[in-house]
Amino acid sequence: MAKLDWFLDGHPAIDLVNTVRRRKIEPVDLIATPGELAGWLAAAGLCARPAEVTQAHLRKIARLREAVHALVSPDGHPEITEADIAVINRCARQYTEPVLALAADRVTVTVPTTDTATQAIATIARLAIALVAGRARGHVKICGATDCGIRFLDTSPKRNRQWCSMAVCGNRAKAQRHYSRNR
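Just so you know, we're using the UniProt record's numbering here: the sequence shown kicks off at 1 and counts up by one.
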């Protein structure tokens, strides 16, 4: 899949969930290797510099992705569990805040040492929490196309968006309706 296919919504927590495509039919994982995860984190703008990604990071992001999937599923399937909440909270707590210091009459900003991939994963978890806490404008929905399943944040004024992308799923549905009317 092309890198542009990774980001359909623009919200990193939802975009992470969407890295498993075709959940309804035959799931395809777009970040199944450390290299793919490093590429996704960079393309998502979550890392200021290229991240060194290990198998441990890959396992952590996979657990976080499924927990966030349960958290933002508008249909309640899968159902969120205490274990999912614990995964999200554990990842979010690994975020390290910048620290100010005054040295030689100069203010410096230091970010406590943590690897870039862990910081990016923590950022995604914090954004998922903010989404549920209502600090993100919109409601999470699932694309109306029967073969899609992509989640998106509906920020339309009337909250009536149906498709992950009007250019893909929406256009296909409209073309099918037109074809069936003109048969």
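For every residue, glycine included, the Cβ atom is placed at its ideal position computed from N, Cα and C.
With 16 other Cβ atoms within 10 Å as the buried cut-off, status of residue i
i: P12; result: buried
i: A51; result: buried
i: R161; result: buried
i: R65; result: buried
i: V17; result: buried
i: A2; result: The predicted model places A2 with a pLDDT of 49, which falls under 50 and marks its position as unreliable, so this point remains unresolved.
i: C164; result: buried
i: Q119; result: buried
i: K158; result: exposed
i: L131; result: buried
i: L153; result: buried
i: K174; result: exposed
i: K24; result: exposed
i: T33; result: exposed
i: V140; result: buried
Three-state class that DSSP yields for residue i in the structure shown
i: L30; result: coil
i: L102; result: strand
i: T159; result: Strictly speaking, residue 159 in this sequence is Arg, with Thr absent from that position. Of the three classes helix, strand and coil, the one that applies to R159 here is coil, per DSSP.
i: H11; result: coil
i: K24; result: coil
i: R126; result: helix
i: R151; result: strand
Residue i and residue j closer than 8 Å at C-beta
i: A128; j: I88; result: yes
i: A70; j: E79; result: yes
i: A44; j: A92; result: no
i: L30; j: T123; result: no
i: I142; j: P74; result: yes
i: V72; j: I14; result: yes
Problem - the segment 42-60 in contact with the segment 95-113 per 3-pair CB rule at 8 Å - result: no
Handout entry: Cβ contact (3+ pairs, closer than 8 Å) linking the segment 100-108 and the segment 34-51
Key = no
Handout entry: Stretch-stretch touch, CB-based, cutoff 8 Å, three pairs: the segment 145-152 with the segment 167-182
Key = They touch, by the three-pair rule.
Practice task
Could you tell me which uninterrupted alpha helix (DSSP H) segments, each at least 4 residues in length, are contained entirely in the segment 49-88, listed from first to last along the chain?
Solution key: 55-72
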